[in-house]
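What follows is one structure encoded as structure tokens, with my remarks underneath.
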Amino acid sequence: MEKYLLDYNWTVMAPELIIAGAAALLSIIDLLMKEKQDKRVLASLGFVAVLGALYFTVSRFGQQPYEILGDTYRIDDFGLVFKTLLLTGTALVLAVSLQEAKRKEITAQGEYYYLLLTALLGGMILTSSADLITLFVGLELLSISSYILAGIRKRRTDSNEAAWKYVVLGGVSSAFILYGMSFVYGLAGTTNLYTAQERMAEAMGNGMESFVYLSLFLMLFGFGFKVASAPFHMWVPDVYQGAPTPVTTFLAVVSKTAAFALMIRVILGGYLFLFNSRTAEGLELLTTALLVLAGLSMVIGNTVALRQFNNKRLMAYSSIAHAGYTLVPLATLGPMLFESTVYYLTAYLLMTLGAFTVIGIVERNAGTGDISAFAGLSRRSPLTAAAMTIFLISLSGIPVTAGFFGKFYILINAVATQHFWIAAIMLATTVVSYFYYFGIVRMMYFRPPVLEGKVKVPPASALVIAVAMIGTVVLGITPQWALEQLGEVNWAAALSPLNGGAPPAQ
Amino acid sequence: MPVSSYLALGAILFCVGLYGVLTKRNAVMVLFSIELMLNAANINLVAFSKYGLYANQTGQVFTLFTITVAAAEAAVGIAILFALYRNRSTAEADRFQSLKG
């Protein structure tokens, strides 16, 4: 039977449509507003749109997977979980940016808000695409919006420079991914990820292994850039340092989560046959490559961070190290691959968001991005210092925080699959990371304050810090509950094709 | 096999582009080099849509998308370069090095 436009269940795309509509609306309202007008109303509109999209995303959980737009776009639980993370992250970033914009830090306010939304939209397309074309378009929508966001303070040289480095290295990584995709298309004659998987499995049997590996490794190269893992991490410190703090938060939290969703989707959706092929050779190769990426990220991220004196640079290296940890479950294909990855990404989202918010406040107050800005914070704002301590404890992975259980579950994956060396690297580098995280704690509690007076914490930022702190602590106290919730999600749906989606609505 | 010559062209173009990104000092040349890399992928896609294992039109459709996206990326790259040039009065990429630590 022929299916017509309205035979499809369009409500499954409600979150994407809301965000796209909001971005378009915001850009039009921005045009109609006067140059000097206060544009924070746009932020509120964007915030409402993100919350609306979040509502529709969450209410979709537990239902059958559905494919739409000629099977290029699939709404399954895997995508929904990642979309929830992306939307939560963006909502919190929007709340923080209200303050930043008020201080005239970001002059192009209108552009800032709707580019955040288009970047978010790209991330959402990325998480639920089942087709190489939509994956690529989603990835580029996210990347190009992020390039502009990184350089949004166009009169400042450091911001320009960050954007330049980001656009060049981001462009190279996109080219690698696209070049890899072109080989997938060549082997499979289709851009559908799941059909491509079947046909690539055939090609693998017909002596085309080299092309299969070529496509996989070219794409891995690009993914390495996008998730900010070593040895493809050159851009991360510069971009994180030069971009405005809310944008850095967005890149560290939302962009990275979306890149992980892309990586997992392509590797598990497109190259699943490597895992059940008769020869274990392919799997061995993939596992080794991913583990090397993970190990290098942990070692380089954690050791180079020791030498950093700029807060955002330090957090950039910390984020490289965390990309390394997050790669472990995918690399080892452990028993809790999805659960532990998502648990860790959630924990990472909360603690990084919180830490960056505090860094933003402290930086603004001290007028410097140096670590010394934290000196004596415990006396100038005890609550902020306490919150930052919790975030740092969680980032370093000390018990009763989300970060500890995240690392613990990742470690279980590594040990259960007998990859002891990566577990050893992880433990050793975690200990190394204590030094730089506690360097900040030492600054806050044991150094006399340079400036006098209380540090003002704006209400929106205080709210974000509170949300992040409560999340970090609650996830740390009830990890079993969180894991059970994640266990109920239908992950397997992300791995298998649907063959044309659900029947048309009557 | 005719496809291998196209693939070779694509591979050469990709490598030339990568070499350019890594070595060129002029920022505009760096952007050009990225375009070369993206176009190498386009050549592959079009070649595969004619001579691939399952030859069909999808590759050409994919190319249309990538050309559009590459244009957007180049536009953003040039705009960022303009902003940088205004502030620094130079287009030498290796002099953009104020961020370090």
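Chains as they are written, first to last, in my numbering: chain A, 44 to 549; chain B, 119 to 219.
We put the beta carbon where it would ideally sit given N, CA and C, even for glycine.
Nothing here was measured: the structure is a model prediction, and the numbers come from that model.
Problem set entry | Endpoints, beta strand (DSSP E) assigned at isoleucine 118/A | For isoleucine 118/A, the uninterrupted beta strand (DSSP E) run begins and ends at 116-118, by DSSP.
Exercise. If you run the structure through DSSP and keep just helix, strand and coil, what is proline 546/A?
Worked result: Residue placement at proline 546/A cannot be trusted, given a pLDDT of 38 that sits under 50; the coordinates are not used to answer.
Problem set entry | Residue closest to isoleucine 404/A, alpha-carbon to alpha-carbon, out of Leu393/A, Met431/A, Tyr391/A and Val385/A | When only C-alpha atoms are compared, the closest one is Met431/A.
Exercise. Out of curiosity, what's the CA-to-CA distance linking proline 547/A and lysine 126/A?
Worked result: Confidence in proline 547/A is poor, its pLDDT being 37 and thus under 50, which makes the residue's placement unreliable; the coordinate value appears in the next sentence. Approximately 25 Å, taken between the alpha carbons.
Exercise. Closest to leucine 538/A by CA distance: which of Arg117/A, Asp50/A, Arg103/A and Leu49/A is it?
Worked result: Considering only alpha carbons, the answer is Arg117/A.
Exercise. Does the count of Cβ pairs from the segment 443-461 of chain A and the segment 516-536 of chain A closer than 8 Å reach three?
Worked result: Counting Cβ pairs under 8 Å, three or more are found: they touch.
Exercise. Taking C-alpha atoms, which residue in Ala188/B, Thr181/B and Asn160/B lies nearest to leucine 149/B?
Worked result: Checking every option, the nearest Cα to that of leucine 149/B belongs to Ala188/B.
For this session: Please compile the residues from chain A whose C-beta is within a distance smaller than 9 Å of the C-beta of glutamate 191/B.
Result: The answer, in chain order, is Glu183, Ser186, Ile187, Tyr190, Val210, Gly213, Gly214 and Ser217.
Problem set entry | Which listed residue (Phe121/A, Asp119/A, Leu159/A and Glu252/A) has its alpha carbon closest to that of valine 136/A | Relative to the Cα of valine 136/A, the nearest Cα in the group Phe121/A, Asp119/A, Leu159/A and Glu252/A belongs to Leu159/A.
Problem set entry | isoleucine 483/A in three-state terms, based on DSSP | Assigned with DSSP and collapsed to three states, isoleucine 483/A falls in helix.
Exercise. In chain order, what residues of the same chain have a beta carbon less than 7 Å from the beta carbon of leucine 169/A, not counting five sequence neighbours either side?
Worked result: Hits under 7 Å: Leu178, Gly181, Leu182, Leu185, Ala301, Ala304 and Leu305.
For this session: Give the interface partners of serine 216/B over in chain A, defined as CB-CB distance under 8 Å, in chain order.
Result: Under the 8 Å cutoff, chain A gives Thr200, Asp201 and Glu204.
Problem set entry | Element boundaries [beta strand (DSSP E), containing glutamate 191/B] | In the DSSP assignment, glutamate 191/B falls outside any beta strand (DSSP E) and within the unbroken alpha helix (DSSP H) covering 176-206.
For this session: Can you grab the Cα-Cα spacing for the pair threonine 389/A / threonine 131/A, in whole Å?
Result: When rounded, the distance between both Cα atoms is 10 Å.
Problem set entry | Under 8 Å between C-beta atoms of lysine 355/A and glutamine 461/A | The criterion of a C-beta distance shorter than 8 Å is not satisfied by lysine 355/A and glutamine 461/A.
For this session: Using the Cα positions of valine 270/A and alanine 359/A, report the straight-line distance between them to the nearest angstrom.
Result: Note on geometry: alpha-carbon atoms of valine 270/A and alanine 359/A lie some 12 Å from one another.
Exercise. Do you know how far the Cα of aspartate 81/A is from the Cα of glycine 530/A?
Worked result: Cα to Cα, glycine 530/A sits roughly 45 Å from aspartate 81/A.
Problem set entry | Residue range of the unbroken beta strand (DSSP E) whose run includes tyrosine 109/A | Tyrosine 109/A -> beta strand (DSSP E) spans 109-111.
Exercise. What separation, rounded to the nearest whole angstrom, lies between the Cα atoms of phenylalanine 481/A and glutamate 495/A?
Worked result: Answer to the nearest angstrom: the Cα atoms are 23 Å apart.
Problem set entry | Straight-line Cα distance separating valine 139/A from valine 475/A | So the alpha carbons of these two residues sit roughly 31 Å apart.
For this session: Label tyrosine 50/A either buried or exposed according to how many other C-beta atoms from any shown protein chain fall within 10 Å of its C-beta, with 16 as the threshold for buried.
Result: The residue you asked about is not tyrosine; residue 50/A is aspartate in the sequence shown. Exposed: under 16 other Cβ atoms inside 10 Å.
Exercise. Using 8 Å as the Cβ pair cut-off and three pairs as the minimum, do the segment 149-161 of chain B and the segment 213-224 of chain A touch?
Worked result: Contact between the segment 149-161 of chain B and the segment 213-224 of chain A is present, because at least three Cβ pairs lie under 8 Å.
For this session: Could you name the residues of the same chain whose beta carbon sits closer than 6 Å to that of serine 258/A, not counting the 5 residues immediately before and after it, in chain order?
Result: Apart from sequence neighbours up to five positions away, the residues of its chain that approach serine 258/A with a beta-carbon distance below 6 Å are Gly223, Phe226 and Val227, ordered along the chain.
For this session: Using a cut-off of 9 Å between C-beta atoms, extract the partners of arginine 422/A located in chain B.
Result: Here the premise fails: no neighbours, minimum Cβ distance about 28 Å.
Exercise. In angstroms, rounded to a whole number, what distance separates the CA positions of phenylalanine 417/A and threonine 238/A?
Worked result: C-alpha separation (whole angstroms): 54 Å.
Problem set entry | Selected residue, minimal CA-CA separation from isoleucine 111/A, among Ala162/A, Leu128/A, Ile149/A and Asp174/A | Among Ala162/A, Leu128/A, Ile149/A and Asp174/A, the Cα nearest to that of isoleucine 111/A belongs to Asp174/A.
Problem set entry | Nearest-angstrom Cβ-Cβ length linking asparagine 456/A and methionine 379/A, presumed shorter than 8 Å | Taking a contact as a CB-CB distance under 8 Å, the pair asparagine 456/A and methionine 379/A counts as one, their CB atoms being some 6 Å apart.
For this session: Taking only the alpha-carbon atoms, compute the straight-line gap between glycine 514/A and threonine 521/A and give it to the nearest angstrom.
Result: Computed Cα separation, rounded: 10 Å.
Exercise. Nearest-angstrom Cα distance between isoleucine 185/B and leucine 311/A?
Worked result: If I take the Cα positions, the gap works out to 28 Å.
Exercise. Relative to the alpha-carbon of alanine 126/B, which residue among Leu163/B, Glu191/B and Ala209/B has its alpha-carbon at the smallest distance?
Worked result: Of the listed residues, the one whose Cα sits closest to alanine 126/B is Leu163/B.
Problem set entry | Contact set for glutamine 549/A: own chain, Cβ-Cβ below 7 Å, skip 5 residues either direction | Annotation note: pLDDT 31 at glutamine 549/A (below 50); position unreliable, coordinate value reported separately. Excluding sequence neighbours, glutamine 549/A sits near nothing in its chain.
Exercise. In terms of residue numbering, what span does the alpha helix (DSSP H) encompassing leucine 524/A cover?
Worked result: A quick correction: the sequence has tryptophan, not leucine, at residue 524/A. In this chain, the alpha helix (DSSP H) harbouring tryptophan 524/A covers 522-530.
Exercise. When you compare only the Cα positions, how much space is there between tyrosine 256/A and serine 207/B?
Worked result: Note on geometry: alpha-carbon atoms of tyrosine 256/A and serine 207/B lie some 44 Å from one another.
For this session: Quick one: grab the DSSP three-state call for asparagine 354/A.
Result: Helix.
Exercise. Alpha carbon to alpha carbon, how far is alanine 398/A from leucine 435/A?
Worked result: A direct Cα-to-Cα measurement between alanine 398/A and leucine 435/A gives close to 7 Å.
For this session: Consider the Cβ of phenylalanine 132/B: report whether some Cβ of chain A lies at a distance smaller than 8 Å.
Result: True, the Cβ-Cβ gap to chain A drops below 8 Å.
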